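Note that the UniProt record's numbering has the sequence shown beginning at 1, numbered continuously upward.
Think of the CB as a built atom: it goes at the ideal place given N, C-alpha and C, for glycine as much as any other residue.
Just so it is clear, the structure is predicted and the values come from calculations on it, not from any experiment.
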Amino acid sequence: MNNRELKDLLYEQVARMGKALSSPKRLELLEMLAQCEKSVETLTAELSIDIKLTSAHLKALRDANLVQTRRDGKYVFYSLTGPDVAQLGVALRAVAEEHLVDMRLALQQMVADPDHLVKTSRADLLAQARSGQVLVIDVRPPAEFEAAHLPFARSMPLSELEQRLGELPPETDIVAYCRGPFCVMSDAAVKLLLARGYRASKTTDGVSEWLAAGLPVERVSAGQPDAA
Numbered sequence: 001m002n003n004r005e006l007k008d009l010l011y012e013q014v015a016r017m018g019k020a021l022s023s024p025k026r027l028e029l030l031e032m033l034a035q036c037e038k039s040v041e042t043l044t045a046e047l048s049i050d051i052k053l054t055s056a057h058l059k060a061l062r063d064a065n066l067v068q069t070r071r072d073g074k075y076v077f078y079s080l081t082g083p084d085v086a087q088l089g090v091a092l093r094a095v096a097e098e099h100l101v102d103m104r105l106a107l108q109q110m111v112a113d114p115d116h117l118v119k120t121s122r123a124d125l126l127a128q129a130r131s132g133q134v135l136v137i138d139v140r141p142p143a144e145f146e147a148a149h150l151p152f153a154r155s156m157p158l159s160e161l162e163q164r165l166g167e168l169p170p171e172t173d174i175v176a177y178c179r180g181p182f183c184v185m186s187d188a189a190v191k192l193l194l195a196r197g198y199r200a201s202k203t204t205d206g207v208s209e210w211l212a213a214g215l216p217v218e219r220v221s222a223g224q225p226d227a228a
């Protein structure tokens, strides 16, 4: 194989990743799987598409070795093949936001109230959560919290939040987060908290964004910060 043929082969392999990421639904699937392992049925319900289409998208991602499977009885569970796959999604979104005006406009529309976005840096937010100045709540489903969550965060799934308001200290600032900048669960949480008289804001960070910034996360099984 001469140098030209070798270069063509190398670029072709990189292009396999581009092809696998060329569908909006596949990008969303990767974001969902960056939270935790999920079954085909769960992914289908969350993405509101046909199960055959979900399986086809997952096959394309598996062919590019971006996801892997585990069978448990009659159910098949998917997960990312490595944390670098989640970081690829973060990097791709960052480049899109930097270079695409339509992307920035769409992100602005997703933020229900810009005045209630966290204004401090990630490092400051971490320090405030550690000292108890703010209470960080994770409004994702419990399984996602258990897989990985921001340090010092408390699991308060959006579906349970209204019934569990009594667990929140009324005089402490609350910061909600979910799955990253495309997730609206934290917006709904902030709206509910403000309506009930709490001081609340949100961060557009999720676990993937936190790790991409080189900051630690915690896992329920380990109970200790984990930067990997």
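Legend entry - Minimum length 4: unbroken alpha helix (DSSP H) runs contained in the UniProt domain "Rhodanese" (130-219): Taken in chain order, the complete alpha helix (DSSP H) segments of 4 residues or longer contained in the UniProt domain "Rhodanese" (130-219) are 142-147, 158-161, 185-195, 207-212.
Inset, instruction - Kindly give me the distance between the Cβ atoms of T172 and V139, rounded to whole angstroms, as I take these residues to be in contact under 8 Å. - result: In this structure T172 does not touch V139 by the C-beta definition: roughly 16 Å separates them, more than the 8 Å allowed.
Inset, instruction - Sort G214, L92, W210, L150 by Cα distance to S22 and report the nearest one. - result: Checked all of G214, L92, W210, L150; the closest Cα to S22 is L92.
Legend entry - Pair within 9 Å by beta-carbon distance, R122 and A213: Their beta carbons are under 9 Å apart, which means R122 touches A213 by this criterion.
Legend entry - Limits of the alpha helix (DSSP H) - the one that V40 falls within: The continuous alpha helix (DSSP H) containing V40 extends over residues 40-47.
Legend entry - Rounded straight-line distance, which links the Cα of G197 to that of K25: Within the model, the alpha-carbon separation for K25 versus G197 is close to 37 Å.
Inset, instruction - Would you list the one or two residues that DSSP bridges to R71? - result: Per DSSP, the beta bridge partners of R71 are V76.
Inset, instruction - Just the C-alpha distance for E28 and L47, rounded to the nearest angstrom, thanks. - result: About 8 Å.
Inset, instruction - Could you tell me if G223 is buried or exposed, where buried requires 16 or more neighbouring beta carbons within 10 angstroms of its beta carbon? - result: Caution applies to G223, whose pLDDT of 45 falls short of 50 and renders its modelled position unreliable; the value that the coordinates give is listed next. By the neighbour-count criterion, in which 16 or more other beta carbons inside 10 Å mark a residue as buried, G223 falls on the exposed side.
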